[in-house]
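For what it's worth, UniProt numbering labels the leading residue of the sequence shown as 1, then goes sequentially.
The beta-carbon is built from N, C-alpha and C at its ideal position, and this holds for glycine as well.
For clarity, every value in this text was computed on a predicted model and none was experimentally measured.
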Amino acid sequence: MSKLLDRFRYFKTKGDSFADGHGQVYHTNRDWEDSYRQRWQFDKIVRSTHGVNCTGSCSWKIYVKNGLVTWETQQTDYPRTRPDLPNHEPRGCPRGASYSWYLYSANRLKYPLVRRRLIELWREALAQHTDPVLAWDAIQNDPQKAQSYRKARGKGGFIRSNWKELNQLIAAANVWTIKNYGPDRVAGFSPIPAMSMVSYAAGTRYLSLLGGTCLSFYDWYCDLPPASPMTWGEQTDVPESADWYNSSYIIAWGSNVPQTRTPDAHFFTEVRYKGTKTVAITPDFSEVAKLSDQWLAPKQGTDSALAMAMGHVILKEFHLDNPSDYFLNYCRRYTDMPMLVLLDEQADGRVVPGRMLRASDLADGLGETNNPEWKTIAFDVAGNLVAPNGSIGFRWGEKGKWNLESLAAGQETELTLSLLITHDSVADVAFPYFGGNENPHFRSVKQEPVLTRRVPSKTLTLADGSQRRVVSVYDLVLANYGLDRGLEDNNAAANYAEIKAYTPAWGEQITGVPAYLIEKIAREFADTAHKTHGRSMIILGAGVNHWYHMDMNYRGMINMLVFCGCVGQSGGGWSHYVGQEKLRPQTGWLPLAFALDWNRPPRQMNSTSYFYNHASQWRYEKLTAQELLSPLADASKFTGHLIDFNVRAERMGWLPSAPQLNLNPLHVKARADAAGMSPQDYTVQALKSGDIRFACEQPDNGKNHPRNLFVWRSNLLGSSGKGHEYMLKYLLGTESGIQGEDLGSTDDVKPEEVEWQTAAIEGKLDLLVTLDFRMSSTCLFSDIVLPTATWYEKDDMNTSDMHPFIHPLSAAVDPAWESRSDWEIYKGIAKVFSEVCVGHLGTETDVVLQPLQHDSPGELSQPFDILDWRKGECDLIPGKTAPNIAVVERNYPETYERFTSLGPLLDKLGNGGKGISWNTQNEVDFLGKLNYVKLDGPAKGRPRIETAIDASEVILALAPETNGQVAVKAWEALGELTGRDHTHLALNKEDEKIRFRDIQAQPRKIISSPTWSGLESEHVSYNAGYTNVHELIPWRTISGRQQLYQDHTWMRAFGESLVAYRPPIDTRSVTHMREIPPNGFPEKALNFLTPHQKWGIHSTYSENLLMQTLSRGGPIVWISETDARELGIEDNDWIEAFNANGALTARAVVSQRVPPGMTMMYHAQERILNIPGSEVTGRRGGIHNSVTRVCPKPTHMIGGYAQLAYSFNYYGTVGSNRDEFIMIRKMKNINWLDGEGRDQVQEAKK
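Shown next, in the form of structure tokens:
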């Protein structure tokens, strides 16, 4: 019926009234409601989640209509918690609720893209060479051609290609690189497997079958807290967020819970209804400060000073003045505090703490014949020396004694904490003090650089007949904190008001937090823990971990928890939340991800050292090891550049290396055969003679750098790439904004171990391939961009440390346009590689160097002094004084067959993790029935892994967390080491097997596993360290206990055997740069911080239209009102930040929540959105990492020493960035570099 008459003013239908005329019903047209109904109609709902490294791991309903995703809402069907605990839902956040925008947005990558100049060269070469490998060779051996497409990186010029063409190009580049330089010159970077573990495994499985290098992420992201491996021998293990509700006192220290842990924040608010006090410690007034009962605002970068001042209060009041029996018994049973430390007398007469006393130091090794040099010693209450169960020496070479039972030599024993009552002398022990180091931007308290403390000691006669004094770790800790114990110690504080290290009054001078508040919070925290037996918790954020001395920040807080007996107790402990690090079915995933079912070991590399080296960031280093050393160290033994320490660590087997040798590792066997030797023996001889060298010693030799790099599930160049501009120049060979001069132009320290080349190689990468579902900063600089399926278009799995569930990513719709899932992309490349390599690569013997691994006998390498085989101090012994040397056979034509099938090594060697292993034959047989087997070809009879669901089933079947039978086997394997029965933790779940379709139906709670230190129980929430405390399973440290004293030679030399306040370093980024022309506006140096943002997860969502609408959109930098007034900057002005590393442009957010002296640029804001040109560089303004540079710390390079040993993402150099300073000023000319503006810049360059 026509609605024409309805449109006229005087032809309206009369409505009916009701309620005595107070209401009226109009008979108007309501067809408009149909469009609304149609908008929210759907054909089906599919469960999925977001693989975005947010730690939320939330379950979402994906609504599909006509084959298109229309919208998403939160699922609410999580398994319920126990009655005394709130449920996990509601979960989700506005960012996740906007994800469906990406699927059909203009920023979606729809087709395979390639840089035009490269594909023109490729097609031209293919026309001349029918062999793709020879075609690639023709491009790379023509310097002009090779440079032409490198210089075009980052400058647009993409054209659409197809999968067939680009797979062939990628395969040819990989084959050519492996053939000419070695498989370790092919590398891949992808972070956080827990967020989409099959997608991660797709790339690393392909690389590992080739022998390529898999780059780490947790350390590179600076999410890795080195203090965790140092203290517990654990990468990171933390309570689930539900355990916050069990806490009675919570400090949120540098963790902006509502903003960065949005789905879990409800537990933080709900626990306050129980009466739990919450305290926020942040330098700025953040969202968590609004949510808490009290806010402390220390000067940024001084967290360890605040923690130590609080520790001083806790020790004085609850260990000395009014001792808590609970605290003392906890420290005696679960920490290294009863262990004895030798005192060393230096040449100048000073006495310093040395290494821990070992059984091998004593007559007859106290009866310990297995690894006596790795068994720590204490006094029992009867005054006898004992070797308590649980130290690292009991873990390897014998069974049944690696436990925390109160036993020594089979006898019940109670250890003595302090020698105060039984001492025979008082030693004047020297401790380093760094709090007086001057820095114009941070406060200091002048005291002597060496503080002498009085410590009770006893004299022992050692096995060699010498007399040595020993002290307990507990007494050292008390002395280090400056506690007065009546020993006539002039450096000890008599009361809190004395400004001596580390009193509350001293803490106020450093941090700006009033002393009375330091006392109050510390007292409340400890008193609560005393009354509740450990239910005090510290929630930590990554910001505290992003400082150069992050381990000191964290060790200060960890000590507070340990002093109060909080670790391993429900509702208490250390809650470090950063990226989505918890890959719960880890042991089931490892064989799939690193092709351990076909060959072992894989090549893995720590990314921080990798990019520090190959992006030539070391060439600009201004910090020296001499500045970092303890005033008590012999500086003559620690000379050289920071990269020298990394090289020494690599050749001693402490850290991995990539590339590994200055020789193609596939060519070693031929040389060994010619010499009549095995590849291992030949490699040892050639390294000793110098015929073969480590590639890291010659980083600017053309044979020794990476050639091909894959990036997937990551925005390496737009989010995590510290030293962004160095990457552009040296890895990519394109324009950069570096404003500093390298060491060749200055008188700064040059390397001793590394050959210096005046001209560094620029454009080291022949090929950069990026997989993504959206155009990102990394894509802009790539040679090839491959479109991946979104999180609603592929099958995968997702877990988090915030809750105990395993979630699926599900293909609600088919991948749009020509996109493919990561599994299908790498499977396609593997297939073409297998074809292209024929005639170039066959069955090859690869020599793989592997560092001394944590959780293996290799962590027992050099127990006392550090000896370097290169210096002639010892012999080169693989696995002891040098890396392990393994020989791996690779069948390159079978790469595809191996990629898509489960290999035989699981049948032969089984599976395992963290030092234990078990048989997996039953699981392999089951997978053959579930996934079916290959019917023919080289992998005939092996279980298939054709699809992402097949891959998921492999993980689920092999992991103890998702297969009850495997869980029981895993606990049995651990029980053989500990001598205790742990199977009761999983027996009730033995028949439970979680399949992929189970988790699509509803989230599933995982099964307790010895891979982790907490329990998945209906009676207790997951809490890290719980099984150590309640099952008496040792921590994986030298003492088997929580390790507060780090006795490695390098740790003592750098003054970090015990926690100390170390102020931020001076990177000299604003004092050592070229002269920048003034623009008429004032400039000021500000500390540059990059916290996580509210309107994005890293760089994802930052260009999402919905999130831009809610935020300002585009890059912004927050500054204080005080600094803004001084610089003439008003809110929303365009500003420029620059230093020696580069420059960036952004709009200013002027706010009173930011303290003077610091500025914040939220991580991470893409360079593809609203960025004008830089007045400093003449290029488009950079990103937050344009003004950063990596600076590694030598103590993070230690390896082969119990808990201080390398493992992938476990320990190693860390990419810190918060010590950086920038110059900031208002911009005068806003040039968008379009049209006339671009022409002006070009003219200026001429």
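- Leaving aside the five residues before and after residue 1051 along the sequence, list all residues of the same chain whose C-beta is less than 8 Å from its C-beta, in chain order. 1057, 1195, 1198 and 1204
- Message: To the nearest angstrom, how far is the alpha carbon of residue 781 from that of residue 499?
- Response: 53 Å
- Message: I'd like to know whether the C-beta atoms of residue 100 and residue 159 end up nearer to each other than 9 Å.
- Response: no
- Please classify residue 710: is it buried, with 16 or more other beta-carbons within 10 angstroms of its beta-carbon, or exposed? buried
- Query: Can you name the residues that DSSP bridges to residue 1247?
  - Reply: The structure shown has nothing for residue 1247, since the chain only spans 1 to 1246.
- Would you mind working out which of 689, 98, 247 and 210 sits nearest residue 1022, comparing C-alpha positions? 247
- Buried or exposed: where does residue 1 fall if 16 or more other Cβ atoms within 10 Å of its Cβ makes it buried? Low confidence applies here, because residue 1 scores a pLDDT of 45, under 50, leaving its location unreliable and the question unanswered by this model.
- Message: Let me confirm a value: residue 41 is counted as buried when at least 16 other C-beta atoms fall within 10 Å, else exposed. Which label applies?
- Response: exposed
- Message: Less than 6 Å between C-beta atoms, sequence neighbours within five positions excluded: which residues of the same chain meet that for residue 684?
- Response: 876
- Among the residues of its own chain, which have a CB less than 6 Å from the CB of residue 153, if the five just before and after it don't count? 732, 734 and 781
- Message: Checking the sheet assignment: what are the DSSP bridge partners for residue 379?
- Response: 385
- Query: Considering only the beta carbon of each residue, do residue 960 and residue 1007 sit closer than 9 Å?
  - Reply: yes
- Task: Have a look at residue 400 and residue 601 and give me their C-alpha separation to the nearest angstrom.
- Result: 28 Å
- Query: Shortest alpha-carbon distance to residue 1064 belongs to which of 983, 1072 and 1216?
  - Reply: 1216
- Task: Determine the closest residue to residue 776 out of 36, 156, 137 and 89, with distance taken between C-alpha atoms.
- Result: 156
- Query: Going straight from the alpha carbon of residue 390 to that of residue 569, what length do you get?
  - Reply: 20 Å
- Message: Taking the straight line between their C-alpha atoms, what separation do you get for residue 693 and residue 95?
- Response: 49 Å
- Query: In this structure, what does DSSP give as the bridge partners for residue 645?
  - Reply: According to DSSP, which records beta bridges pairwise, residue 645 is partnered with nothing at all.
- Message: Is it the case that the stretch 1108–1122 contacts the stretch 108–121, given that we only count it when at least three CB pairs across the two stretches are under 8 Å?
- Response: no
- Please confirm whether residue 282 and residue 510 have their CB atoms less than 9 Å apart. no
- Item | residue 632 versus 1208, 832, 655 and 429, residue with shortest Cα-Cα distance | 429
- Query: Three or more beta-carbon pairs under 8 Å between the stretch 759–769 and the stretch 167–186, yes or no?
  - Reply: yes
- Give me the Cα-Cα distance between residue 965 and residue 992, rounded to the nearest whole angstrom. 8 Å
- Helix, strand or coil at residue 16 according to DSSP, with G and I counted as helix: strand
- Whole-angstrom C-beta distance between residue 575 and residue 539, which should lie under 8 Å: 4 Å
- Task: Could you check what DSSP says for residue 570 in three-state terms: helix, strand or coil?
- Result: coil
- Message: Please report the distance separating the alpha-carbon of residue 272 from that of residue 1152.
- Response: 28 Å
- Indicate the three-state DSSP secondary structure (helix, strand or coil) for residue 1109 in the structure shown. helix
- Query: Over what stretch of residues does the alpha helix (DSSP H) that includes residue 63 continue unbroken?
  - Reply: Unbroken run through residue 63 is the beta strand (DSSP E), 60–65; no alpha helix (DSSP H).
- Message: Which residues does DSSP list as the beta-bridge partners of residue 787?
- Response: 772
- Item | Segments of 4+ residues assigned as alpha helix (DSSP H) that fall wholly inside the stretch 1160–1245 | 1236–1245
- Could you check the C-alpha separation between residue 922 and residue 849 for me, to the nearest Å? 32 Å
- Option in 431, 22 and 299 with minimal Cα separation from residue 350: 431
- Message: Rounding to the nearest angstrom, what Cα-Cα distance links residue 457 and residue 470 in this structure?
- Response: 5 Å
- Query: First and last residue of the alpha helix (DSSP H) that includes residue 132?
  - Reply: 132–140
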